[in-house]
Amino acid sequence: MLKEVSYDDAVNNRIFSDNVTQRMIAVIPAHNEEDIIANTLKSLTEQVVPDDLVLDVFIALDNCTDNTEGEIQQYADQLNLYILKTVDNKQRKVGALNQLYRLFLGDNSKHAQPLSESHMKAVKNIIAIVGLDADVYLAKNCLSTIYTELYSDYRIAAVSANYTCLLPESKHRIPRNLPNREELIARGKFGGPLSRFLAVQQNRSFAQWTIEQKANGYVAEIAGGQCSIFKPEALIEVNERYKLNGVYDNSTDTEDLLLTQQLRSLGWQCVISDTARCYVDSMVTVSSYYNQQLKWASGKLEYMQKALLSTAYARKLWFEEGILFLNTIIRLLLVILIPVSLYIGDFEWNWIWAFPLVVSSILGVVVTLKTPNHRFIDLLLSLTGIITEAAMIFDIKIHSRAWLNSLRIEKVDGWHVQYMAEKGQLNRNYLPYLFGALTVGVLLLLEYTDIISWYSALATVRPYIDFCFDLLTLLTVVTFLLMLGKLFKLRGRHRA
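Note that full-length UniProt numbering has the sequence shown beginning at 1, numbered continuously upward.
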């Protein structure tokens, strides 16, 4: 069944055929998803839904200019499909989702008509609402598992699935004379070593995050938009308590984070599933991966600045930001102190500095072993510590940029930047390269002119070198102890 619906249909009770059937609703926002939404719908046809429930799939077509609707129509005989075409949506994914939720919660706009009583009777028989992205593939029994976990405790408002990124197939498997070869690579289904390396790093990040949540009592930090199930009464409470025209707040780039914290502030619990899994497409270019992580980091930073220390999650984020700051200082000290001390012949190795490197390698191996679909090469790279160190430097760059963006007067549209990056249409930022060239130029100028000599400069800083090395050792010990704590947490029985 395929039915195009609008808010007017909800007002006039033209959406549901009866108001007594108990339903599980899946909501999917879609913007130009012709290449991937078919996989999502295919996985829904393979799900086992409890016998007393009917699965209805509501899809918001948000300013689509491709054949997304045509791909959806192919599953009209296998699923109960409802298509809503968004109207005047300027809020991207959040706006599309909220227009879907208004079909069940009503439109709070000034001149909007209320939903009909008959329609609301049908809405009251919605037992669960599943939020999905258009690029996910649900593993077998995913829906039935998270549904069972949702109703295992009356306090649970949301259950989030475990996420795993799909690795791109080798692009060498595509015949070189295939006319659409470049198009297939651009879609992300095929790629080279770098694309697969990025996918593995995203999987490691998901794995570590998942294990930490399970070790903390299965408390979900974020009921992610990729695949999470909600109790309708919890979403209704958020809608009413926070005066929203839907469920999600558009004031942040991480709307799912904010919704999770709003649910928690109302006394609900959000948990992560023990076994339910969904597969998501990975970012296959450095630019798209960087901008996705930047959007998430900016959203978390925005929440931290608003919540300060008022919530447990905000305190955790501030603690993690402090650890990242310590790691930044350690690396800056290493980069500056070692060359300078070698230059003046005053360098002395301290074996304490090696302790974090050893624990980092062990930590990387543990996380990789617990990451689904890991490869032998991933274990080797983890053992050398290369992956962990690269991830740390990457995080430092992302969070530094997020802090700089937070100081801007005009808010950066993280969704737009990420979308442009995924399409390969984002202009490259040459400012860091210019800054690096300027720094080298200044150093060369100082070297070959009499403005200031290296000898006098080093003589000036020499009294502070010993103090800086002592500071480096102290910070290294602190970081080492924190890493040991994380290692003991990740080495337990929990898996990603």
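Just so it is clear, CB atoms sit at the ideal spot from N, CA and C, and this is done for glycine as well.
Quiz item: Got a sec, what are the start and stop residues for the alpha helix (DSSP H) Leu-294 sits in?
Solution: 286–307
Self-check item: CA-to-CA distance, Asp-88 to His-374, given in whole angstroms
Solution: 44 Å
Practice problem: Report the residue from His-31, Tyr-289, Asp-52 whose alpha carbon sits nearest the alpha carbon of Glu-69. | Solution: His-31
Quiz item: Can you name, in chain order, every residue of its own chain whose Cβ lies under 8 Å from the Cβ of Val-367, other than the five neighbours on each side?
Solution: Arg-204, Ala-207, Gln-208, Ile-211, Ser-382, Leu-490
Self-check item: Same chain only: Cβ atoms within 6 Å of Ile-272, ignoring 5 sequence neighbours per side
Solution: Ser-160, Gln-213, Tyr-218, Ala-220
Quiz item: In chain order, which alpha helix (DSSP H) runs of at least 4 residues are fully inside the segment 344–383?
Solution: 355–369
Quiz prompt | Sequence-distant residues of its chain with Cβ nearer than 8 Å to Pro-114 (five each side left out) | solution = Val-11, Gly-106
Quiz item: Do Arg-23 and Ile-126 come within 7 Å of each other at the CB atom, strictly closer than that value?
Solution: yes
Quiz prompt | Own chain, CB closer than 6 Å to Val-200, minus 5 neighbours either side, in chain order | solution = Asp-378
Practice problem: Just mark Gln-305 as buried or exposed, buried being the case when its beta carbon has 16 or more other beta carbons within 10 Å. | Solution: exposed
Practice problem: Kindly examine the ligand ATP and report whether one of its heavy atoms sits closer than 6 Å to the Cβ of Glu-117. | Solution: Summarising the ligand content, the structure contains no ligands, and the ligand ATP is consequently not present.
Exercise. Answer yes or no: do Val-136 and Val-280 have a C-beta to C-beta separation smaller than 7 Å?
Key: yes
Practice problem: Would you kindly work out how many angstroms separate the C-alpha atoms of Pro-50 and Tyr-75, rounded to a whole number? | Solution: 21 Å
Quiz prompt | Proximity winner among Trp-268, Arg-331, Ile-344, Val-247, relative to Leu-97 (alpha-carbon distances) | solution = Val-247
Quiz item: With distances taken from CA atoms, which of Ala-139, Leu-332, Glu-169, Gln-202 is nearest Pro-193?
Solution: Glu-169
Quiz item: Going by C-alpha distance, which of Val-130, Leu-294, Phe-197 is nearest Ile-229?
Solution: Val-130
Quiz item: For Asp-466, which of helix, strand or coil comes out of DSSP?
Solution: helix
Quiz item: Based on Cα-Cα distance, which residue from Ala-122, Cys-165, Thr-148 lies nearest to Val-48?
Solution: Thr-148
Quiz item: How would you call Tyr-154, buried or exposed, if buried means at least 16 neighbouring beta carbons within 10 angstroms?
Solution: exposed
Quiz item: For Arg-408, which residues of its own chain have a beta-carbon under 7 Å away from its beta-carbon, when the five flanking residues on both sides are left out?
Solution: none
Practice problem: May I ask you to report which of helix, strand or coil DSSP gives Lys-189? | Solution: coil
Quiz item: Straight-line CA distance for Asn-67 to Lys-370?
Solution: 39 Å
Quiz prompt | Nearest to Lys-189 (by Cα), restricted to the options Leu-474, Ile-25, Pro-463, Thr-285 | solution = Thr-285
Quiz item: Nearest-angstrom Cα distance between Ile-59 and Asn-162?
Solution: 23 Å
Practice problem: Excluding the 5 residues preceding and the 5 following Arg-277 in the sequence, name in chain order all residues of the same chain whose CB lies nearer than 7 Å to its CB. | Solution: Ala-139, Cys-142, Ala-161, Asn-162, Thr-164
Quiz prompt | Beta-carbon spacing of Asn-19, Ser-118 below 7 Å | solution = yes
Quiz item: In its own chain, which residues sit with a C-beta less than 7 Å from the C-beta of Cys-64, not counting the 5 before and 5 after it?
Solution: Ala-30, His-31, Asn-32
Self-check item: Unbroken alpha helix (DSSP H) run spanning Glu-149, endpoints
Solution: 142–150
Exercise. Assign Ala-496 to buried or exposed, taking buried as 16 or more other Cβ atoms, counted over all protein chains shown, within 10 Å of its Cβ.
Key: buried
Exercise. Given a cut-off of 7 Å, decide if Ala-122 and Phe-16 are closer than it, judged by their beta-carbon atoms.
Key: yes
Exercise. Return the bridge partner residues of Arg-277 from the DSSP annotation.
Key: Asn-162
Quiz prompt | Inter-residue spacing [alpha-carbon to alpha-carbon] between Tyr-7 and Gly-191 | solution = 42 Å
Quiz prompt | Gly-225 in three-state terms, based on DSSP | solution = coil
Quiz prompt | Candidates Leu-326, Leu-431, Gln-269: closest to Arg-401 by CA position | solution = Leu-431
Quiz item: What are the boundary residues of the alpha helix (DSSP H) that Asp-395 is part of?
Solution: 386–406
Quiz prompt | Cβ separation of Glu-240 and Asp-249, assumed to be a contact under 8 Å, to the nearest whole Å | solution = Going by Cβ atoms, the distance from Glu-240 to Asp-249 rounds to 14 Å, so no, they are not a contact pair.
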